[in-house]
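Using this note's numbering, read the sequence shown as starting at 9 and increasing by one per residue.
So the structure is just underneath, and the comments pick up after that.
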Amino acid sequence: MPNGADRLRRIAELARSVSSTLDLETVLDQVTAAVTALRPDVACSVRLIDPVAGGYRLAGAGGVPIAGRTQVIPFGRGLTHAVAEAGRPLLVEAYPGDPRAIEGHWSTGRGLTVYYGAPIGAAGELLGVLSVNLPAGAPPTLEEREMIEALAGQAAVAMRNARLFTQSEARRRAAESLAEISRVLAQALDPEVLAQRIVDGARDLLQGHRAVLLRLDSDLGELTAAATSGESRAAEMEAPFVSAANDVAARAIRERRPAMVQDFLVEPQLAFPSEWPSQLESVMDRALLAMPLVVQDRVIGAVVVTDRTGRSLDNEELALAQAFADHAALALENARLYSEATRRRREAEELARVARLLTESLDFATAAGRIAETVLPLLRVQASVLRLRQADGSLLAIASAGRTRGAFEPGHRIPPGVGIAGRAVAEGQPVIGDPLGVSTVTTDDFRRRIQASEIQKVLAVPLRVAETILGVLAVGDEAQRAFSAGEVALLQAFGDQAAVALNNAQLFEEAERRRRAAESLAELGQLLTRSLDAAEVSQRIVDSVRTLLGASGAALYSLEPETQNLVSLAFSGDIGPGFAERAAVIPTGFGVAGRAVRERRPVGTPDVLADPGVALTPELRSYVEQAAFRALLGVPLLVQGRVVGALGIGTQAGHVFDAEEIRLVQAFADQAAIALENSRLYGELQAALTKVERSQQQIVQTERLSALREMAGGVAHEFNNLLTIVLGRSEMLLRQVRDPEVVRGLEAISRAALRGARTVRQTREFTRTRHTRAFGVVDLERILHDVVELTRPTWETEAQSRGISYQVRVEGGPLLPISGVLEELREVFMNLLGNALEAMPNGGSLIFRLDRQGDRVVVAAQDSGHGMSERTRERIFAPFFTTKGPQRTGLGLSVAWGIVNRHGGTIEVETAPDRGSTFTVRLPVPQEAPSEQRPAEASAARRGARVLVIDDEPDVRDVLKDILAADGYIVIEASDGAEGLARCEAEPVDLVLTDIFMFGMSGWDVAAACRDRFPTVPVGLIAGWGDQLDAEQLARHRIRFVLTKPFGVDNVLRTVASAL
9 MPNGADRLRR IAELARSVSS TLDLETVLDQ VTAAVTALRP DVACSVRLID PVAGGYRLAG
69 AGGVPIAGRT QVIPFGRGLT HAVAEAGRPL LVEAYPGDPR AIEGHWSTGR GLTVYYGAPI
129 GAAGELLGVL SVNLPAGAPP TLEEREMIEA LAGQAAVAMR NARLFTQSEA RRRAAESLAE
189 ISRVLAQALD PEVLAQRIVD GARDLLQGHR AVLLRLDSDL GELTAAATSG ESRAAEMEAP
249 FVSAANDVAA RAIRERRPAM VQDFLVEPQL AFPSEWPSQL ESVMDRALLA MPLVVQDRVI
309 GAVVVTDRTG RSLDNEELAL AQAFADHAAL ALENARLYSE ATRRRREAEE LARVARLLTE
369 SLDFATAAGR IAETVLPLLR VQASVLRLRQ ADGSLLAIAS AGRTRGAFEP GHRIPPGVGI
429 AGRAVAEGQP VIGDPLGVST VTTDDFRRRI QASEIQKVLA VPLRVAETIL GVLAVGDEAQ
489 RAFSAGEVAL LQAFGDQAAV ALNNAQLFEE AERRRRAAES LAELGQLLTR SLDAAEVSQR
549 IVDSVRTLLG ASGAALYSLE PETQNLVSLA FSGDIGPGFA ERAAVIPTGF GVAGRAVRER
609 RPVGTPDVLA DPGVALTPEL RSYVEQAAFR ALLGVPLLVQ GRVVGALGIG TQAGHVFDAE
669 EIRLVQAFAD QAAIALENSR LYGELQAALT KVERSQQQIV QTERLSALRE MAGGVAHEFN
729 NLLTIVLGRS EMLLRQVRDP EVVRGLEAIS RAALRGARTV RQTREFTRTR HTRAFGVVDL
789 ERILHDVVEL TRPTWETEAQ SRGISYQVRV EGGPLLPISG VLEELREVFM NLLGNALEAM
849 PNGGSLIFRL DRQGDRVVVA AQDSGHGMSE RTRERIFAPF FTTKGPQRTG LGLSVAWGIV
909 NRHGGTIEVE TAPDRGSTFT VRLPVPQEAP SEQRPAEASA ARRGARVLVI DDEPDVRDVL
969 KDILAADGYI VIEASDGAEG LARCEAEPVD LVLTDIFMFG MSGWDVAAAC RDRFPTVPVG
1029 LIAGWGDQLD AEQLARHRIR FVLTKPFGVD NVLRTVASAL
């Protein structure tokens, strides 16, 4: 050990070496080196107080090398803590036995069991502990302890100086960094680049782990991240930091000064889910500093920096941080103003360019397409649709671009108020929203198209010209797109220019159309003066009007005075496959043209297939379904107040014909009327002699037909009465007798009566009547066998007389019963059988094949006849079409088609010349088996029901009386209406059954009187033509039922019972 002079010299040298540096790490190395220079056999260490680590952190070591030293000794443990707590040196000569010692300490294994520790402190602040471990039995001398204590004191002074120097250097560097950052920020004008430089500068300036820039949306009051700097965290750790950063930033914005938290997990003003603290305990950067960004007393956001937990900033550091934030806010504002100015300049330039582009062409389609295309780069959107407002308020697409090009093609129409575009037109102002949002009106078609385009955010502005909304321009993008107020104003400005361009194009197009129309009309006028060829003039008319209107097709028809049918004269354009042949004749009142003729005025419809006001025959409907048009306009051709034809125009579905279009078509219709009239007059002149020669023959034929019809009507009326008596009496006798021979005879009488009824019905068909009856249970197999057997005597006899033979049979079955009218279905197959036999003049075979296909029963009638051409097959079911000469009405198959259709079925034909024909009838099978309707049994309560029968035919009255009386009814008779009403006044009556045609007071009169005087008594009519009566008239007179002659017993009883 050195003497006193040496000791003092050594202490001075040690003190000089320790205080010779301002670097903390160097100071600590010099302290441990000085201690080991005193005692080379020792191990020494310096531990500094570290609140963040929660103990005494190892900062330096020297002497005997020791592996596995504890890096941090927690507060409250070990001899190091005892020295720090006491604030004075501590000597322990037997370390392992001291209760304060750390169990299992390394000193025991090394034999260094003597401990001496000295506190390191200066100016009342404890900085750490200098610990020395000496060999067992060799404690430090007094001089050594004094030297160790002196070294600890010098170390404290040097550490304090180093810290002050470090802080001074940090401030200097911060000031320099702030100046450099301010310079860098001032150079950046791109908002994204500037935002990234701000967060990078904030993190460097404050030596933080991470920084984020939050922008404040003043309208929504929401903070959104604009840029981040530093290492990213795991996804599960990100949410707590984002939430904490937003909360602290909100506080700084609210208080307009920096907000600091040393550990956001324990911050009382921040609330978190209960599981977050346990998840984040291991994370060491939980300190947050938020600095508000304020420009001209307006807060635009905040910068948030995260650092190690427990870090705090003094006032100077906070002032420095806020100074940086102020520089950043100013730089952001300058960048915003520059960006705004640049954007407005670019928008002005683009609007000027667009204005030049839009005015370069007056072609409407070209202008619309340019509008849709140029708006995409202008607003940096992915889709656009331009629509015009129609007369009915719907919006018609005239151009689209981007993602919506295929979804909303030109011609697509949306109803008023549908979509964001519909709202913009309805509200007369720009609208932003989700095109499929809850508050947005949609249709199934619109929703499907929007989903296909994948557009989720739409901005739409109305196109206005002189306070009139011309249409709407809509742009679309992805869901996250936010349209700013500037972008809305830009699109509206663009839309205003587009509206002017479109309006100019429309006016120019309208002027051009009027010019061409005038030229076409002038040419037609010249043509009319030099040509009487109706075909040439008609073709010129339809070609001209179709071209001028840009329509899909046009047709000109003349009106046949005799049939009132419209007969085609000329077609033009895309009218569909075979339409010219198929629509060559339009029955009176059918189609748009037929309605225009009937109402003597123009008739238009945007969709003829969906318009209930336009009647279509099945053929016409099928033809239109295959054509390229749905919107139709029909204009009658008038000559001196007389309709001579019609001009029809067709275009795509949804088009609404405006007044100008109608006036144009009317002008051509007037020319067509003149042409037809000229042609008619010329034709009449040429045909005058022929008409004179044929007039007498025509008169004779007309009178013959008229007389025949009158005679048929009278005969049919008388037959009905006779057949009623025969059928009623025979069926009553059948209920009473049991003798087989008598029964067979009566059945023969009944069958004869039924055949007579069929003759009457055929007479009705000759007069072209329709009939409907209630459905009942029908056995198709039985019907087919009946048809074959009932007609067999006729066609077999005829075949034998001609030396030929027919093979007619029924195959297949049995089939499930269906619901229907037996008589009507029998008529269908009677017609098919008759047509098949006529198609086999040299004999042949006809097979009715029965089958079931799913929920349908199928009857296929296959003959071996001469077949039909394709043209004939296409018109086979058309009313009045016949290949059998003028002696036939041409209603057979048309009536059959109507009957099958009324039964919910279909009838089709497959045929080819010389290969026969197959008519296939498909009828639905009811889901529940139909129940057989039995004659109603009079209940005990109604057996005494009093039925008043009024008929001026005594025999018919007697039949009804006997039928009803036999079933328990009390029958009151009257020979005319007046007597019947008198009986009603004199005695109680439960039901009135009156003939409709009587002298004096008719059945209608009786029904009207009963309705007024006896409203609770049901009334039924007896009529030979019951199924021709008008349903509305029956309802108006409160007629409960109609009993059609001839009637059978079961029919009478069932009908009366149901009425009671």
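Where a beta carbon is used, it is the ideal one built from N, C-alpha and C, also for glycine.
Who are the near neighbours of ILE791 in its chain, counting only those whose CB is closer than 7 Å to its CB and skipping five residues on each side? On the sequence shown, position 783 is the one that residue 791 refers to. Excluding sequence neighbours, ILE791 sits near LEU830, LEU833, ARG834 and PHE837.
Selection from ALA92, GLY145 and GLY132 that minimises the alpha carbon distance to GLU101: Against the sequence shown, residue 101 aligns to sequence position 93. Looking at the Cα atoms, GLY145 is the closest of the given residues.
When you compare the CB positions of GLN270 and GLY318, do they come within less than 8 Å of one another, or not? For the purposes of this step, residue 270 is taken as the residue at position 262 of the sequence shown. For the purposes of this step, residue 318 is taken as the residue at position 310 of the sequence shown. In contact: GLN270 and GLY318 (Cβ atoms closer than 8 Å).
In three-state DSSP terms, what is LEU1068? Walking along the sequence shown from the start, residue 1068 turns up at place 1060. Note: LEU1068 maps to coil in three-state DSSP.
Look at the alpha carbon of ARG1062 and the alpha carbon of LEU628, and state the distance between them as a whole number of angstroms. Here residue 1062 corresponds to residue number 1054 of the sequence shown, with the count starting at 1. Here residue 628 corresponds to residue number 620 of the sequence shown, with the count starting at 1. Approximately 41 Å between the Cα atoms of the pair.
Compute the beta-carbon to beta-carbon distance between ILE308 and GLU348, rounded to the nearest angstrom, for a pair I have assumed lies under 8 Å. Within the sequence shown, the letter at position 300 stands for residue 308. Within the sequence shown, the letter at position 340 stands for residue 348. That pair is no contact at about 13 Å.
How about ASP959 and ILE733: are their beta carbons less than 8 Å apart? Position 951 of the sequence shown, counted from the start, is the residue given in the question as residue 959. Position 725 of the sequence shown, counted from the start, is the residue given in the question as residue 733. Not a contact, by the Cβ cut-off of 8 Å.
Which first and last residues belong to the alpha helix (DSSP H) in which THR34 is found? Looking up residue 34 in the sequence shown gives position 26. 32-46 is the extent of the alpha helix (DSSP H) around THR34.
Does the structure place the stretch 636-653 close enough to the stretch 603-613 that three or more beta carbon pairs sit under 8 Å? yes
So, helix, strand or coil for ARG860, using DSSP? Against the sequence shown, residue 860 aligns to sequence position 852. ARG860 falls in the strand class under three-state DSSP.
If I'm right that SER853 touches SER872 with Cβ under 8 Å, what's the distance once you round it to whole angstroms? Taking the sequence shown and counting its residues from 1, the one referred to as residue 853 is at position 845. Taking the sequence shown and counting its residues from 1, the one referred to as residue 872 is at position 864. Indeed they touch by this definition, with Cβ atoms about 5 Å apart.
Excluding sequence positions up to five away, which residues of its chain have a Cβ less than 7 Å from the Cβ of PRO1054? Locating residue 1054 in the sequence shown gives position 1046, counting from the first residue. Cβ neighbours of PRO1054 beyond the five flanking positions: ASN728, LEU731, THR732, LEU735, ALA761 and ALA765.
Starting from LYS969, trace the beta strand (DSSP E) in both directions and tell me its first and last residue. Walking along the sequence shown from the start, residue 969 turns up at place 961. From DSSP, LYS969 is part of no beta strand (DSSP E) but of the alpha helix (DSSP H) over 962-974.
In chain order, what residues of the same chain lie with their CB nearer than 7 Å to the CB of ALA611, ignoring the 5 residues before and after it? Numbered from its first residue, the sequence shown carries residue 611 at position 603. According to the sequence shown, residue 611 is Val rather than Ala. Correct list, in chain order: VAL600, ARG603, ALA604 and GLY642.
Starting from the Cα of PRO996, find the closest Cα among GLY952, ALA1039, ASP1013 and VAL1014 and give me that residue. Locating residue 996 in the sequence shown gives position 988, where the first residue counts as 1. The shortest Cα separation from PRO996 among GLY952, ALA1039, ASP1013 and VAL1014 belongs to GLY952.
So what does DSSP say about ARG954, is it helix, strand or coil? Position 946 of the sequence shown, counting from 1, holds the residue named residue 954. If DSSP states are grouped into helix, strand and coil, ARG954 belongs with the strands.
Are CYS52 and SER115 closer than 8 Å when you measure CB to CB? For the purposes of this step, residue 52 is taken as residue 44 along the sequence shown, with counting starting at 1. For the purposes of this step, residue 115 is taken as residue 107 along the sequence shown, with counting starting at 1. Not a contact, by the Cβ cut-off of 8 Å.
Please state the DSSP three-state secondary structure of TYR565. Here residue 565 refers to the residue found at position 557 when the sequence shown is read from its first residue. In this structure, TYR565 counts as strand in the three-state DSSP scheme.
Return yes when the C-beta of GLY1028 is under 7 Å from any heavy atom of the ligand GTP, and no when it is not. This structure lacks the ligand GTP; in fact it carries no ligand of any kind.
Contact check, VAL955 vs LEU1001, beta carbons under 8 Å: The sequence position of residue 955 within the sequence shown is 947, counting from 1. The sequence position of residue 1001 within the sequence shown is 993, counting from 1. For VAL955 and LEU1001, yes; Cβs fall inside 8 Å.
Bridge partner(s) assigned by DSSP for GLY484: Taking the sequence shown and counting its residues from 1, one reaches residue 484 at position 476. GLY484 pairs with ALA391 and VAL466.
Tell me where the alpha helix (DSSP H) around TYR123 begins and ends. Translated into the one-based positions of the sequence shown, residue 123 becomes position 115. It is not in any alpha helix (DSSP H) - TYR123 instead sits in the beta strand (DSSP E) that spans 122-130.
CA-CA distance, ALA399 and ASP666? The residue given as residue 399 occupies position 391 in the sequence shown. The residue given as residue 666 occupies position 658 in the sequence shown. Cα to Cα, the separation comes out at about 7 Å.
Check this for me: beta carbons of SER402 and ILE422, under 8 Å apart or not? Translated into the one-based positions of the sequence shown, residue 402 becomes position 394. Translated into the one-based positions of the sequence shown, residue 422 becomes position 414. Yes.
Out of ALA559, THR571 and ILE110, state which residue places its alpha-carbon closest to the alpha-carbon of LEU672. Within the sequence shown, the letter at position 664 stands for residue 672. For LEU672, the nearest C-alpha among the options comes from ALA559.
Same chain, Cβ closer than 6 Å to LEU577, five either side skipped, listed in chain order: Translated into positions along the sequence shown, residue 577 becomes position 569. Cβ within range, chain order: SER546, LEU564 and SER566.
Round the Cβ separation of ILE261 and LEU202 to the nearest angstrom and send it over; I've been treating them as touching at under 8 Å. To locate residue 261, count along the sequence shown from 1; it is residue 253. To locate residue 202, count along the sequence shown from 1; it is residue 194. With a Cβ gap of about 20 Å, ILE261 and LEU202 do not count as contacting.
Can you list, in chain order, the residues of its chain whose CB lies under 6 Å from that of ALA376, leaving out five sequence neighbours each side? Your numbering for residue 376 matches position 368 in the sequence shown. Same-chain partners within the cutoff: LEU394, ILE406 and ALA407.
Which same chain residues, not among the five before or five after HIS663, have their C-beta less than 7 Å away from its C-beta? The residue you call residue 663 lines up with position 655 of the sequence shown. So the qualifying residues of the chain are PRO614 and ALA639.
Within 8 Å, strictly: CB atoms of ASP975 and LEU1068: One-based indexing of the sequence shown puts residue 975 at position 967. One-based indexing of the sequence shown puts residue 1068 at position 1060. Cβ distance not < 8 Å, so ASP975 and LEU1068 don't count as in contact.
Rounded to the nearest angstrom, what separates THR596 and THR571 at their Cα positions? Within the sequence shown, residue 596 is the residue found at index 588, counting from 1. Within the sequence shown, residue 571 is the residue found at index 563, counting from 1. So the two alpha carbons sit approximately 8 Å from each other.
Proximity of ALA415 and VAL480 at Cβ, strictly below 8 Å: Taking the sequence shown and counting its residues from 1, one reaches residue 415 at position 407. Taking the sequence shown and counting its residues from 1, one reaches residue 480 at position 472. No, they are not a contact pair.
Please report the distance separating the alpha-carbon of ASP922 from that of GLY820. For the purposes of this step, residue 922 is taken as the residue at position 914 of the sequence shown. For the purposes of this step, residue 820 is taken as the residue at position 812 of the sequence shown. For ASP922 and GLY820, the distance between alpha carbons rounds to 26 Å.
What separation, rounded to the nearest whole angstrom, lies between the Cα atoms of PHE774 and ALA904? Stepping through the sequence shown from its first residue, residue 774 is reached at position 766. Stepping through the sequence shown from its first residue, residue 904 is reached at position 896. Confidence at PHE774 is low in this model, with a pLDDT of 42, below 50, so its placement is unreliable and no value can be given for it.
Proximity of VAL866 and THR926 at Cβ, strictly below 8 Å: Taking the sequence shown and counting its residues from 1, one reaches residue 866 at position 858. Taking the sequence shown and counting its residues from 1, one reaches residue 926 at position 918. Cβ atoms of VAL866 and THR926: not closer than 8 Å.
Considering only the beta carbon of each residue, do GLY70 and THR88 sit closer than 8 Å? Here residue 70 corresponds to residue number 62 of the sequence shown, with the count starting at 1. Here residue 88 corresponds to residue number 80 of the sequence shown, with the count starting at 1. No. Outside cutoff.
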